[in-house]
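Colleague: Dumping the structure here so I can ask a few things about it.
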Amino acid sequence: MKNFENIDVKSVKEAVGLLQKFQNEKKSAAVVGGGSEYLQLMKVRVATPDFLLNLKTIPGLSYIKEEGSGFRIGALTTLTEIEENKAVQEKLLFLSQAAGEAASPQIRNAGTIAGNLCQRPFCWYFRSASHTCLRKGGEVCYTVAGDSRYHAILGAGPSYIVHPSDLAPALVALDARIKVAGPAGEKTIPLEKFFVLPQVNYRRENILGPAEIVTEIQIPLPKTGSKGFYHKMRERQAWDHAIVSVAAVVQNGNGVARDARVVLGGVAPVPWRAPKAEEFLRGKKIDETAAAKAGEIALEGARPLKDNVYKIGLAKALIQRALLASV
Amino acid sequence: MDQKQFSVVGKATPRIDGYERVTGKAEYTGDVQLPGMLYARVLRSPHPHAKIVAIDTSRAEKLPGVKAVIHNFNTQVPWGSGGLTQKRMIFNNPVRYVGDAVAAVAATDRYIAEDALALIEVKYEKLPHVLDAAEALKPDAPKIYPKGNLSVGDGRVSAPIKETWGDLEQGFKDADKIFEDTYVSKHVNNAQMERRVSVAKWDAGKLTVWASTQGISNARADIARDLSLPLSRVRVVCKYMGGGFGNKNQAQDYDLMTAMLAKATSQPVKLEFTREDDFIGMHGRWASEQRYKVGVKKDGTITAVELNAITNMGAYRKQSGDLSGCDFYNIPNFKKVVSPTHTNTVVSANYRAPAYPQSVFGFASMLDQIAFELGVNPYEMFLKNRAQLSKGKNAFSSNALEACIVEGAKKIGWNEKWHKPGAASGSNKHGIGMALGGYPFRLGLGAATIRLNPDGTAHVLVGVVDIGTGAKSTMAIIASEALGIPMDRIQLTSGDTDVTPYSIGESSSRTTSFTGGAVIAAAEDVRKQLFNAAAPELKAKPEDLDLKDGIVFVKSDPAQKLPLKQAMRRVETEILGRATTNPKWPDGIDGKAFAAHFCEVEVDAFTGHVRITRYVAAHDSGTIINPLTAESQVKGGVVQGIGMALTEELLIDRPTAIPINPNYRDAKVPTHLEVPEIEVLFVDSRDPYGPFGGKVVGEPPITPSVATIANAIFNATGKRFKELPITPEKILRSVQV
Numbered sequence: 127m128k129n130f131e132n133i134d135v136k137s138v139k140e141a142v143g144l145l146q147k148f149q150n151e152k153k154s155a156a157v158v159g160g161g162s163e164y165l166q167l168m169k170v171r172v173a174t175p176d177f178l179l180n181l182k183t184i185p186g187l188s189y190i191k192e193e194g195s196g197f198r199i200g201a202l203t204t205l206t207e208i209e210e211n212k213a214v215q216e217k218l219l220f221l222s223q224a225a226g227e228a229a230s231p232q233i234r235n236a237g238t239i240a241g242n243l244c245q246r247p248f249c250w251y252f253r254s255a256s257h258t259c260l261r262k263g264g265e266v267c268y269t270v271a272g273d274s275r276y277h278a279i280l281g282a283g284p285s286y287i288v289h290p291s292d293l294a295p296a297l298v299a300l301d302a303r304i305k306v307a308g309p310a311g312e313k314t315i316p317l318e319k320f321f322v323l324p325q326v327n328y329r330r331e332n333i334l335g336p337a338e339i340v341t342e343i344q345i346p347l348p349k350t351g352s353k354g355f356y357h358k359m360r361e362r363q364a365w366d367h368a369i370v371s372v373a374a375v376v377q378n379g380n381g382v383a384r385d386a387r388v389v390l391g392g393v394a395p396v397p398w399r400a401p402k403a404e405e406f407l408r409g410k411k412i413d414e415t416a417a418a419k420a421g422e423i424a425l426e427g428a429r430p431l432k433d434n435v436y437k438i439g440l441a442k443a444l445i446q447r448a449l450l451a452s453v
Numbered sequence: 067m068d069q070k071q072f073s074v075v076g077k078a079t080p081r082i083d084g085y086e087r088v089t090g091k092a093e094y095t096g097d098v099q100l101p102g103m104l105y106a107r108v109l110r111s112p113h114p115h116a117k118i119v120a121i122d123t124s125r126a127e128k129l130p131g132v133k134a135v136i137h138n139f140n141t142q143v144p145w146g147s148g149g150l151t152q153k154r155m156i157f158n159n160p161v162r163y164v165g166d167a168v169a170a171v172a173a174t175d176r177y178i179a180e181d182a183l184a185l186i187e188v189k190y191e192k193l194p195h196v197l198d199a200a201e202a203l204k205p206d207a208p209k210i211y212p213k214g215n216l217s218v219g220d221g222r223v224s225a226p227i228k229e230t231w232g233d234l235e236q237g238f239k240d241a242d243k244i245f246e247d248t249y250v251s252k253h254v255n256n257a258q259m260e261r262r263v264s265v266a267k268w269d270a271g272k273l274t275v276w277a278s279t280q281g282i283s284n285a286r287a288d289i290a291r292d293l294s295l296p297l298s299r300v301r302v303v304c305k306y307m308g309g310g311f312g313n314k315n316q317a318q319d320y321d322l323m324t325a326m327l328a329k330a331t332s333q334p335v336k337l338e339f340t341r342e343d344d345f346i347g348m349h350g351r352w353a354s355e356q357r358y359k360v361g362v363k364k365d366g367t368i369t370a371v372e373l374n375a376i377t378n379m380g381a382y383r384k385q386s387g388d389l390s391g392c393d394f395y396n397i398p399n400f401k402k403v404v405s406p407t408h409t410n411t412v413v414s415a416n417y418r419a420p421a422y423p424q425s426v427f428g429f430a431s432m433l434d435q436i437a438f439e440l441g442v443n444p445y446e447m448f449l450k451n452r453a454q455l456s457k458g459k460n461a462f463s464s465n466a467l468e469a470c471i472v473e474g475a476k477k478i479g480w481n482e483k484w485h486k487p488g489a490a491s492g493s494n495k496h497g498i499g500m501a502l503g504g505y506p507f508r509l510g511l512g513a514a515t516i517r518l519n520p521d522g523t524a525h526v527l528v529g530v531v532d533i534g535t536g537a538k539s540t541m542a543i544i545a546s547e548a549l550g551i552p553m554d555r556i557q558l559t560s561g562d563t564d565v566t567p568y569s570i571g572e573s574s575s576r577t578t579s580f581t582g583g584a585v586i587a588a589a590e591d592v593r594k595q596l597f598n599a600a601a602p603e604l605k606a607k608p609e610d611l612d613l614k615d616g617i618v619f620v621k622s623d624p625a626q627k628l629p630l631k632q633a634m635r636r637v638e639t640e641i642l643g644r645a646t647t648n649p650k651w652p653d654g655i656d657g658k659a660f661a662a663h664f665c666e667v668e669v670d671a672f673t674g675h676v677r678i679t680r681y682v683a684a685h686d687s688g689t690i691i692n693p694l695t696a697e698s699q700v701k702g703g704v705v706q707g708i709g710m711a712l713t714e715e716l717l718i719d720r721p722t723a724i725p726i727n728p729n730y731r732d733a734k735v736p737t738h739l740e741v742p743e744i745e746v747l748f749v750d751s752r753d754p755y756g757p758f759g760g761k762v763v764g765e766p767p768i769t770p771s772v773a774t775i776a777n778a779i780f781n782a783t784g785k786r787f788k789e790l791p792i793t794p795e796k797i798l799r800s801v802q803v
């Protein structure tokens, strides 16, 4: 780990101001919440900031508030707090479960919702100090010629990382919005629009500017009749990222799906929404055949690398299961 | 063997240092802090094969806080235990794999030492490399050593390793059917909790090394030899140790680097590996490609086995590279040729039962498949072909393998639960499997000293290091039992070559047998002296006396007795008992511990996920000295087998030759959630040669575990997986939903 200076910031404004200042001075700085993910990057020297802004010292950024139309969750709320919150458990379908399936209990106790959404890829080439890959300023994505068993089958190229978050697909399926503070003030955008594909920018996973930070996640209450399921497939049942995960929400009514959300994790550089599958499901009775068909549609256009063809069938199977569990 | 009721042996006894270990009071090597101590880090080769042309350390040395930089051009120290068949140095040139040590830095803190690594400028001249063992044996493959990539034997080990008995040709003629197949296992890391760490300090020409080692005596001898020091000038200390599973035997390069850095700086130095260093800088289990030809009768009886195999030893050969999975069967005609092969990859050497789990996976899968094709129940197949007490090549001092098979099968409910492979309906497929295993039980050199104090307490001195097995407690139990003094009056000192007697090293499951035997002999020495001193007061002959529960008494008249403290009054200071023992097997007899493992799995045909729902491990380890720690050993071995069977593999990126998952997260060692409740069964067994009838416990449990799981997956899916690990990806590729 390279030496760095820790700054305990006291407000969002101070954090944004400092980030701007360091940017102008051409000094590298990073923000850290729980630190469970970023410190790993620092240990292997993939991240070597001069300044680390500790956001945990900002008061009032950790909360779960239920208001008329939905929930507001503060950026510093830990995954454990979300997992254990009674109202979240009762009203936000699978969000508590998705939070509880991330990482390990120790990491969930430290890791925050904002940190989980902003985490860097867990691609082994990205995390290897010996591989200066495309995403770290290098020339190539080593995945293409190398070992691609855990990499993207959808929406990828020229970089083939997958987004590692468990909360992201769950929150996108719940139509969450994300609040970002920056030099120009605050803005709130649909979470789905927060993430960027490598075609747009292969150096970053989201739209955050160098002096912007996430402050809040807003989640509307699911519509009446909604049922959802989060299905995570991994090789190890703790401390492992999804090979494929599926967050499905179905708004049921009159024996059919009035609306549906299908969002995949572990298959694309962003949480991957399957709008055509959603459209197909609208107005349909979800049975084995329809659920299987939705899986087929969702995976149309999948472009696997040499080692990850298996993810296609796996994703289809998980979509089918998640949908059948959502009616 | 005396059939008396044991006082302590066989009773579940908590570890004597358990409180210290779980409360953080135990001082492990990493906890050692000395005044003025420096911290070291190691620079490793980024190339799989390269000649080092020049090293410029001037920028690194200018960094404030850096005290010394050592490397191949200024520090030529042999690493004796690092290469069995080639002279290996602590810094080699050429470097032969990504991870080969190039230089080491000592600085005032480890972050500065790490910063300095980036400032060392190394000029490499790249050489052609080879990663795959079968490729490496081809005539046109890049040569890692002048004589080629097939490891050269040196007398201690051979290459290829050959073993043969009976008449192979006749065996295949006698067969009704011959089966041939190939099984592949991968390199997995020992992944012990405690990373490698060493602290060295020189004092008036004497070197003290606080090591994390599985053998202080070996480590001392190795360090003295490699640094050309008299044994009297080397002290090795290891009071608490955090696991090694075979890759902390002897002294390793980091012990020698630490000593040389301490010498160069005249300050104590601590070198602690990172987890990545640990995964690539030492060694893991050798990968293998095993080609079998097996002849059987219609009923499944084996007539002949031929095994041709390649084992991938990586860049240096530290140990045998053998495959011994056929050991647990009665095979009348046999031939084995194993070729330990060099590649430009991370070194492979000892990992818990080094030659077994990968090989048992191959052979027990082979037998399970043959049973399927012959329409024989696997239980019958294993039972029929099991090694017997005295049959064919085998004559064992004891063998309760049959009881392991019968009782284990009963416990898991084999008869009720076994079904035709692949017959389970639905997407969640149930399967059940079994395999046989074990490990050699050896006799050999041990030493112990016991001081009986005037107050009737005893002080046991042994050279053992407790590597997690509970060896300290086992030695105390054996001493308590053999002396006849309660456990709470036994004090144990271990792990310091200046104080404790020789120990063979806590490897190859030898501690209880070798050192335990010496503790018994030392206790007998103490008792003899005690009875001589106490005889006059009890008005009896010394040979008529006994000591039990701390009371000396006349055997024929137990009412005639003296508390130990009183009996010691006639002793001037203390009784010093000692023993060096070195028992040998009688001609034609050999020792072995046996095991039969059983498990049930559920395989999700949609996701390829394997869940182990039940695991039964039945063991013949002779008398169990301490059931508490013995059960833990079995469970630990099974857990490692689960990882090797389902998830673990050190991946070397083919285009760059760089290991890409050298950490706990990506190497996917199992967590609690992968592990079912493991039911441990020790069958009734007592070996005539072992201490109190005990054999070995440490290594047997890992041997059948991988094959057991693989066979259960076959039973569930009807698909045979011939390459480890059996990942969801592989299952999904072969299972039709």
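Read top to bottom, the protein sequences are chains A and B. The first sequence begins at 127 in the working numbering and counts up one residue at a time. The second sequence begins at 67 in the working numbering and counts up one residue at a time. All C-beta atoms in this analysis are idealised placements derived from N, C-alpha and C, irrespective of residue type, glycine included.
For Y177(B), which residues in chain A fall below 9 Å Cβ to Cβ?
Modeller: M127, K128 and N129
Colleague: If we require 4 or more residues per run, which alpha helix (DSSP H) segments fall completely within the region 373-425 of chain B?
Modeller: none
Colleague: How would you label T793(B), buried or exposed, when you count the other beta carbons within 10 angstroms and need 16 or more for buried?
Modeller: buried
Colleague: Taking only runs that begin and end inside the region 200-281 of chain A, name each unbroken alpha helix (DSSP H) of 4 or more residues, in chain order.
Modeller: 205-210, 212-217, 221-227, 231-236 and 239-244
Colleague: Give the residues of chain A in contact with K734(B), contact being defined as C-beta atoms less than 8 Å apart.
Modeller: E361, R362 and D366
Colleague: Note down, one range per segment and in chain order, each alpha helix (DSSP H) of at least 4 residues found wholly within the region 318-359 of chain A.
Modeller: none
Colleague: For the region 647-681 of chain B, which residues have a CB atom closer than 8 Å to at least one CB atom of chain A, in sequence order?
Modeller: F672, T673, G674 and H675: these are the residues of the region 647-681 of chain B whose beta carbon lies less than 8 Å from some beta carbon of chain A, given in chain order.
Colleague: Here's a check: name, in chain order, each residue in its chain whose Cβ is nearer than 6 Å to the Cβ of R555(B), leaving out the five neighbours to either side.
Modeller: T523
Colleague: Of all Cβ atoms in chain A, is any one closer than 8 Å to the Cβ of R593(B)?
Modeller: no
Colleague: Against chain B, with Cβ distances strictly below 8 Å, would H257(A) count as a contact?
Modeller: yes
Colleague: Give me the Cβ distance between G529(B) and Y568(B), rounded to the nearest whole Å; I'm assuming they're in contact under 8 Å.
Modeller: 6 Å
Colleague: Assuming contact is defined by CB atoms lying nearer than 8 Å, are M710(B) and V254(B) in contact in what I supplied?
Modeller: yes
Colleague: When you compare the CB of L185(B) with every CB in chain A, is at least one pair closer than 8 Å?
Modeller: Cβ-Cβ to chain A under 8 Å: no for L185(B).
Colleague: Suppose the cutoff is 8 Å on Cβ atoms and the five residues either side in sequence are ignored; what does the same chain contact list for R408(A) look like?
Modeller: A383, R384, D385 and A386
Colleague: State the CB to CB distance for the pair Y382(B) and V335(B), rounded to an integer number of angstroms; the pair is presumed to be in contact (CB under 8 Å).
Modeller: Going by Cβ atoms, the distance from Y382(B) to V335(B) rounds to 25 Å, so no, they are not a contact pair.
Colleague: For the pair the region 610-628 of chain B and the region 484-501 of chain B, tell me if three or more CB-CB distances fall below 8 Å.
Modeller: no
Colleague: Is it true that the CB of Y505(B) sits closer than 8 Å to the CB of R452(B)?
Modeller: no
Colleague: How many Å lie between Y422(B) and N434(A) at the Cα?
Modeller: 32 Å
Colleague: What does the Cβ neighbour count give for D343(B), buried or exposed, with the cut at 16 atoms within 10 Å?
Modeller: buried
Colleague: Near T369(B), which residues of its chain fall below 6 Å by C-beta distance, leaving aside the five closest residues on each side in sequence?
Modeller: G237, D240, A241 and G361
Colleague: What residues match up with M447(B) in a beta bridge as DSSP calls it?
Modeller: In the DSSP assignment, no residue is bridged to M447(B).
Colleague: So I708(B) contacts chain A; which residues on that side make the cut at Cβ distance below 9 Å?
Modeller: The premise fails here: I708(B) is roughly 10 Å from chain A at the closest Cβ pair, so nothing lies under 9 Å.
Colleague: Please compile the residues from chain B whose C-beta is within a distance smaller than 7 Å of the C-beta of W250(A).
Modeller: What W250(A) touches in chain B: I726, N727 and D732.
Colleague: Residue ranges of each beta strand (DSSP E) run of no fewer than 3 residues wholly in the region 721-785 of chain B, ordered along the chain?
Modeller: 744-748
Colleague: May I ask you to report which of helix, strand or coil DSSP gives M155(B)?
Modeller: strand
Colleague: Given this structure, state the Cα-to-Cα distance separating G351(A) from F197(A), to the nearest angstrom.
Modeller: Put simply, the backbone Cα of G351(A) is about 18 Å away from that of F197(A).
Colleague: According to the Cβ coordinates, are A773(B) and G497(B) closer than 8 Å?
Modeller: no
Colleague: Check the Cβ of P794(B) against every Cβ in chain E and list those closer than 8 Å, keeping chain order.
Modeller: Absence of chain E from the displayed structure is noted, the protein chains being A and B.
Colleague: Could you check how far apart the C-beta atoms of G131(B) and I178(B) are, in whole angstroms? I think they sit under 8 Å.
Modeller: 4 Å
Colleague: Tell me the rounded alpha-carbon separation between Q424(B) and F339(B).
Modeller: For Q424(B) and F339(B), the distance between alpha carbons rounds to 27 Å.
Colleague: Please go through the same chain and pick out, in chain order, the residues whose beta-carbon is closer than 7 Å to the beta-carbon of G102(B), but skip the five residues on each side of it.
Modeller: Q333 and P334
Colleague: If we define contact as Cβ-Cβ less than 8 Å, is R275(A) a contact residue for chain B?
Modeller: Chain B contact via Cβ: present.
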